[in-house]
Amino acid sequence: MYDITIIGAGVVGCAIARELSKYDLKILLLEKTDDVSNGASKANSGIVHGGYAAKHGTLKSKLCFEGNKMYDQLNNELNFGFKRTGALVLGFDEEDEKNINKLYENGLKNGVDKKDIKIIYKDEILNLEPNVSKNVKIALLANDVGITSPYEMTIALAENAIKNGVELKLENEVINIEEFSDYFNIITTQNTYKSRYIINAAGVYSDKISNMLGINDFHIIPRKGQYIIFHKGYGKIINRVIFQTPTNKGKGILVTPTFHGNLMIGPNADEISNKEDVTTDIETLKYIIKTAKKSVPNIDLRKVLTSFSGIRPTPSTGDFIIKEAKERFINVAGIESPGLTSSPAIAKMVIGILKNSGLNLTKKNDFDPYRNPIIIPKKLSYKEVNKMLEINSDEQIICRCEMVSKKEIIDALNRGIPIKSIDSVKRRTRVTMGFCQGEFCIPRVKKVIAETLNIKEDDVPVREKKSGILPKKVNLNYFKSIFDNKLQ
Ligand SMILES: Cc1cc2nc3c(=O)[nH]c(=O)nc-3n(C[C@H](O)[C@H](O)[C@H](O)COP(=O)(O)OP(=O)(O)OC[C@H]3O[C@@H](n4cnc5c(N)ncnc54)[C@H](O)[C@@H]3O)c2cc1C
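This is how it looks when you write it as structure tokens:
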């Protein structure tokens with residue numbers, strides 16, 4: 001009998017698991033895929049939002065503001081990578097100016113400190129960001145905005161939760177729940193688990209889980225967002241996250257450096273019917289390029305690496321749904337943006353709900369908040385990297401573009417989460433994420449995984465079983481063909 005079972009190992013489920021691991025409880029984390037962070041938490045903008053955007057009075061606005069403040073300490077403990085770059089929300093006309101003033105007022109109401117937000121004008125904007133369009137008139141400067149690597153954060157939370165006693169069971173899709181007087185039977189594709197409490201953090205499927213107990217007061221609308229990602233190092237053309245003035249359709253297309261120094265543009269927002277559709281398409285990417293160039297006109301399309309998409313779990317209610325929906329069953333549903341930012345504060349809120357519902361929460365005295373990073377930053381010349389490609393030691397470089405060593409891959413495989421796919425190792429070490437997109441290193445990574453796990457190379461999957469087929473993506477040659485900026 002578990003005290004608490006969390007369904008879904010995205011950033012929300014993992015943040016809750018880690019927070020609960022501070023207490024003397026028997027905790028189970030169930031995930032249907034072969035790794036943590038395989039849903040929205042692996043494919044988003046990675047922005048730690050500043051708390052000025054979400055409408056004052058909503059749960060989103062409160063938890064985003066609180067979550068943002070928790071990132072420095074969380075990153076100091078878990079080393080997943082976080083930088084407070086700041087952000088600019090650009091305005092190009094009078095309508096934008098009105099909306100930027102409203103954003104500023106909304107930010108102050110949400111609790112953002114006056115030293116963290118400021119309205120600035122053309123000269124100051126171009127001084128801070130010389131590559132921003134000369135057509136800019138006004139901007140909101142938000143200094144508390146940051147960037148993070150969302151999947152590394154989720155992995156770090158999960159690893160630390162496991163270190164502190166949480167049991168993670170992968171490839172366990174919850175297919176039914178039976179309710180008894182003081183516990184639930186949770187039936188998965190592999191087993192049946194008994195648990196006194198359930199926390200539903202199943203992302204786009206949180207409505208389906210809720211329906212299993214007859215709770216139908218919301219549904220999830222999947223909204224896809226596509227992105228284009230550029231070479232590592234190219235993120236330097238801007239210093240901050242560059243937003244456009246939001247509309248009622250959302251935050252619009254942003255241009256941002258990623259935590260590891262790539263440039264990224266996107267996302268659009270399209271309601272879709274298939275919750276698994278993570279394809280990308282030319283028409284949408286064209287729209288993204290055109291719109292991003294309004295902010296940063298000289299984006300060089302020759303530097304495109306790849307495209308990807310993520311699906312927002314948009315709630316039909318318009319706000320995060322975080323409540324005890326029936327005795328001992330807590331919905332943490334509809335966590336769309338700014339859910340990544342809010343996740344540490346959501347975890348604290350769930351603790352409060354559990355306390356109010358009568359669960360006895362006693363703090364452990366041996367909770368260990370720390371987790372070492374996996375990636376070891378290296379400054380190696382091309383010549384040095386080439387020399388290290390064939391050396392016979394754990395310092396051997398396996399992925400040339402991202403300079404990933406054998407040692408880092410072995411470390412990634414030995415952290416308590418039973419992963420074995422190249423995709424899982426990629427999210428932990430950055431193998432295959434460089435210029436060649438895995439052409440050079442996939443066979444080498446496969447070999448290290450097979451040796452470390454003592455399995456056959458043929459048994460090392462490229463990615464998760466169900467999504468074994470690569471999602472249809474736009475061919476990179478398309479970008480090369482338009483690199484002369486015909487779209488401008
Ligand atoms: C395009 C896009 C851009 C975004 N940008 C930002 C941003 O910049 N900043 C920000 O703060 N937020 C952003 N977000 C929002 C953020 O990504 C989400 O709020 C967050 O990732 C939600 O986490 P989650 O754990 O609720 O969901 P998920 O990460 O989707 O996790 C849910 C998990 O539940 C599992 N699951 C589902 N059904 C079952 C089942 N039956 N049994 C077992 N497991 C199950 C899934 O496999 C999945 O792993 C963005 C989202 C998108 C899509």
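Residue numbers (UniProt numbering): 1 to 488. Ideal Cβ positions, reconstructed from N, Cα and C, are used throughout, including at glycine.
task = For T192, verify whether its CB is less than 7 Å away from any heavy atom of ligand 1.
result = Checking the Cβ of T192 against ligand 1 gives no.
Proximity winner among S295, K407, K364, relative to S393 (alpha-carbon distances) = Nearest option by C-alpha distance: K407.
ask   = If we ignore side chains and look at the alpha-carbon of each, how far apart do N414 and A347 end up?
value = Approximately 26 Å between the Cα atoms of the pair.
key: Beta-carbon gap between A161 and C14 smaller than 8 Å   = A contact, by the Cβ cut-off of 8 Å.
query = Does DSSP put E19 in a helix, a strand or coil?
reply = Annotated three-state conformation of E19 is helix, per DSSP.
request  = Just tell me which of S41, F218, I215, E167 has its CA closest to the CA of S195.
outcome  = Residue E167 is the option with its Cα nearest to S195.
key: Three-state class that DSSP yields for V36 in the structure shown   = V36 falls in the coil class under three-state DSSP.
task = Count the other CB atoms, across all protein chains shown, that sit within 10 Å of the CB of T189; report buried if there are 16 or more and exposed otherwise.
result = With fewer than 16 other Cβ atoms inside 10 Å of its own Cβ, T189 counts as exposed.
inquiry  = Is P369 near ligand 1 - that is, is its Cβ less than 7 Å away from at least one heavy atom of it?
reply    = For ligand 1, not one heavy atom lies less than 7 Å from the Cβ of P369.
query = Between N454 and E171, what straight-line distance do the alpha-carbon atoms span, to the nearest angstrom?
reply = If you draw a straight line from the Cα of N454 to the Cα of E171, it is about 21 Å long.
query = Among D319, S342, K286, which residue has its Cα nearest to the Cα of V304?
reply = For the residues D319, S342, K286, the minimum Cα distance to V304 belongs to K286.
ask   = Any heavy atom of ligand 1 closer than 7 Å to the CB of A202?
value = When distances are taken from the beta-carbon of A202 to the heavy atoms of ligand 1, the shortest one is below 7 Å.
ask   = Taking 7 Å as the cut-off, is the CB of H49 close to at least one heavy atom of ligand 1?
value = Indeed, a heavy atom of ligand 1 lies less than 7 Å from the Cβ.
Residue from T432, I419, I449 with nearest C-alpha to E31 = For the set T432, I419, I449, the Cα lying nearest the Cα of E31 is the one of I419.
task = Express the C-alpha separation of T256 and P377 in angstroms, rounding to a whole number.
result = Approximately 21 Å between the Cα atoms of the pair.
ask   = Under a three-way DSSP split, which group does Q226 fall into?
value = If DSSP states are grouped into helix, strand and coil, Q226 belongs with the strands.
task = Assuming N110 and G51 form a contact by the criterion Cβ under 8 Å, report the distance between their Cβ atoms to the nearest whole angstrom.
result = Indeed, because the Cβ distance is near 5 Å, the residues count as touching under 8 Å.
CA-to-CA distance, K208 to L380, given in whole angstroms = In a straight line, the C-alpha of L380 is about 49 Å away from that of K208.
task = Note down the Cα distance separating S421 from I409, rounded to an integer number of angstroms.
result = Approximately 12 Å, taken between the alpha carbons.
ask   = Anyone know if the C-beta pair for I335 and V48 falls short of 8 Å?
value = Contact flag unset, no.
request  = Could you tell me whether any non-hydrogen atom of ligand 1 is closer than 7 Å to the CB of S41?
outcome  = Ligand 1 has a heavy atom closer than 7 Å to the beta-carbon of S41.
key: Counted within 10 angstroms of its Cβ, other Cβ atoms place Y151 as buried (16 or more) or exposed   = Around the Cβ of Y151, a 10 Å sphere holds 16 or more other Cβ atoms; the residue is buried.
inquiry  = Please state the DSSP three-state secondary structure of C399.
reply    = Three-state DSSP puts C399 in a strand.
request  = Grab the span of the alpha helix (DSSP H) containing Y71 for me, first residue to last.
outcome  = From DSSP, the alpha helix (DSSP H) with Y71 extends over 59 to 78.
request  = Apply the 10 Å Cβ neighbour rule to G235 and answer buried if 16 or more other Cβ atoms are within range, or exposed otherwise.
outcome  = Residue environment for G235: buried (at least 16 other C-beta atoms within 10 angstroms of its C-beta).
key: Neighbour-count burial assignment, D368, 16 or more Cβ in a 10 Å radius   = It counts as exposed.
Residue-chain proximity (N38, chain C), Cβ-Cβ < 8 Å = No chain C is present in this structure, which holds just one protein chain.
message = Based on DSSP bridge pairs, tell me the residues matched to T306.
response = Note: T306 sits in a beta bridge opposite I229.
message = Considering just the uninterrupted stretch of the alpha helix (DSSP H) at D207, what are its terminal residues?
response = Counting along the chain, the alpha helix (DSSP H) containing D207 begins and ends at 206 to 211.
request  = On a CA-only basis, which of A292, V241, K134 is nearest Q226? Give me that one, please.
outcome  = For the options A292, V241, K134, the alpha carbon positioned closest to that of Q226 is the one of A292.
inquiry  = Could you check whether the Cβ of K32 sits closer than 7 Å to any heavy atom belonging to ligand 1?
reply    = A distance criterion of 7 Å places the beta-carbon of K32 in contact range of ligand 1, judged by its closest non-hydrogen atom.
query = Around the C-beta of T362, are 16 or more other C-beta atoms found within 10 angstroms, so that it is buried, or is it exposed?
reply = Under a 10 Å Cβ-count criterion, T362 is classified as exposed, with fewer than 16 other Cβ atoms of the shown protein chains found around its own Cβ.
ask   = Which first and last residues belong to the beta strand (DSSP E) in which D423 is found?
value = From DSSP, D423 is part of no beta strand (DSSP E) but of the alpha helix (DSSP H) over 422 to 429.
message = Which residue wins for smallest C-alpha separation from N372, given the options N75, D35, R312?
response = Each of N75, D35, R312 was checked against the Cα of N372, and the nearest Cα belongs to N75.
message = I'd like the list of long-range same chain contacts for R463, defined as Cβ closer than 6 Å, with 5 residues on each side in sequence excluded.
response = S421, D423.
message = Please list the terminal residues of the continuous alpha helix (DSSP H) segment that includes N414.
response = Boundaries cannot be given for N414, as no alpha helix (DSSP H) includes it and DSSP labels it neither H nor E.
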